[in-house]
Amino acid sequence: MAPPPADALRSLDSLIRTASTLLRQLQAVLAEIHKDPSAKPPPDTLGSTSTSSAPLDALALAHDSASLVRAHGTKVSLLIINEPFTPSAISSVVRELVAGPVPAIVSAAQACTSEKYTATLRRELASRCRRVLVELHELLQKVPQDGKALAVDQKLGFAPGDRGSIPATGILWAACDHVINLARGGVGGFYAQKTGEWRDMLKDVLEEMKEWGDEEPNDHEDGSDDDNGVDDLAGQPGGTNVDAQDMIDDLMSSQPTIPRSDPNRIRPRLESSLRRLRLIILFYEAAIKRRFKKLPALPPTAAESNVPSRLDNVAQVLQRLPDRFEDLAGAFYELQPREIDEAMEQCFADAVGVSELLAENWDGAADEFSAWVKKFQVEISKTA
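This note's numbering numbers the first residue of the sequence shown as 1373 and each following residue consecutively.
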């Protein structure tokens, strides 16, 4: 089989280098959006796909762009592994990529402004779109320069830093699917998913704190036996070569538990925290069902709508609460009553605050969930 013309190979190589440069530049644009999702896009938004004055549907554009990148990436993948190797066919697909879906997917992230779609969603969309460009760039680096289709090891390799074209294509597909799924779910679906993830983190903290509270206290509460433990290790045959894992296990098992006498009343604080944490987990579940799954389509039709900013404020607290409770758990493990009280106050103040943000429906009116929120706030405020 005759090799492809040399000029066709040179043209393909030049096109791949140009496309790679563009992809790196656009990755930087998306990285800036991820860094500051509240920043307004430039007036000459890159990659405008229409001369119409109608505003872009950012999520629809992201969906369509990612779908096209996926399809074109598949074509490239097939063309570089099958004979006859045809540089002109690959060049045609790459030109279509850089002229259409590649700039369009960046335009989607730029059009997804915080005022219309929330800063939280914009950051996520920018991150996922950037991942698409990163993986597309990776695939284009697999295009051979010698005029021959890729060998078996070049197609199938899984080694880090030497990934084959087929695994690279699969990873590109996954990145595109993440954008497509985000667009399909819409803003409400995204917030429902993220709230579910944060709820699961709270469940993990709850289980961890409960297990710690159930541990039997050490009879030697004054810690007088600690040195003996070290002496025992040192006194063992070969004690100076104690296994590192044994030392780690010993340190982990030395975490203090609540003393039987409980002079600082740690256990009542723990029981109160666990009770209220269960209520907060229930609140997350209720918010998913009663608020996020009933979220009206965004962007809002009314220019003065406060729904996007309200969602961003809600997300900040819902995301922060798992970290707050991690801090509370750490204070309990250290048996520090003052730190426990401070952390409890922060946790439950945040819980009441975020419930207030969701007390009214998206039209600003009270409903059945509003009454439930009032009861929730009363229960969260109870210290016993």
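For each residue, glycine too, the CB sits at the ideal point set by N, CA and C.
Contact annotation: the region 1484–1503 touches the region 1675–1695, with at least three C-beta pairs closer than 8 Å.
The beta carbons of Val1478 and Val1551 sit no closer together than 7 Å. Taking Thr1458 as the centre and dropping the five residues before and after it, the same chain places the C-beta of Pro1376 and Leu1451 closer than 8 Å to its C-beta, in chain order. In the DSSP assignment, Gln1397 falls within the alpha helix (DSSP H) that extends over Ala1378 to Lys1407.
Annotation for Trp1744: the continuous alpha helix (DSSP H) segment containing it runs Glu1740 to Ser1753. A check of alpha carbon separations from Pro1456 across Gln1397, Pro1516 and Arg1442 identifies Pro1516 as the nearest. According to the DSSP secondary-structure assignment, Asp1713 is paired through a beta bridge with no residue.
In the structure shown, Arg1637 falls within a coil segment according to DSSP collapsed to helix, strand and coil. Counted as a single uninterrupted DSSP element, the alpha helix (DSSP H) harbouring Asn1685 occupies residues Val1679 to Tyr1705. In this structure Asp1436 is buried. Its beta-carbon is surrounded by 16 or more other beta-carbon atoms within 10 angstroms.
For Pro1459, the enclosing alpha helix (DSSP H) covers residues Pro1459 to Ala1471. Contact check for His1406 against Arg1495 passes: the beta carbons are separated by less than 7 Å. Taken atom to atom, the span from the alpha-carbon of Glu1507 to that of Gly1542 is near 10 Å.
Of the candidates Tyr1705, Ala1443, Val1726 and Ala1675, the residue whose Cα lies closest to the Cα of Val1745 is Val1726. With fewer than 16 neighbouring CB atoms inside 10 Å of its own CB, Val1524 falls in the exposed class. Residue state for Trp1545 is assigned as helix, using DSSP reduced to three classes.
Taking Trp1545 as the centre and dropping the five residues before and after it, the same chain places the C-beta of Arg1442 closer than 7 Å to its C-beta, in chain order. Looking only at Phe1748, Arg1662, Pro1709 and Ala1555, the smallest Cα-Cα distance to Asp1739 is reached by Arg1662. Between Leu1387 and Val1466, the C-beta gap is smaller than 7 Å, which places the two residues in contact.
In this structure, DSSP gives Arg1663 a state outside helix and strand, which the three-state scheme calls coil. Leaving aside the five residues that flank Pro1628 on each side, the residues in its chain whose CB is nearer than 6 Å to its CB run, in chain order, Leu1707. Annotation: Ser1410 is outside any alpha helix (DSSP H) and is labelled neither H nor E by DSSP.
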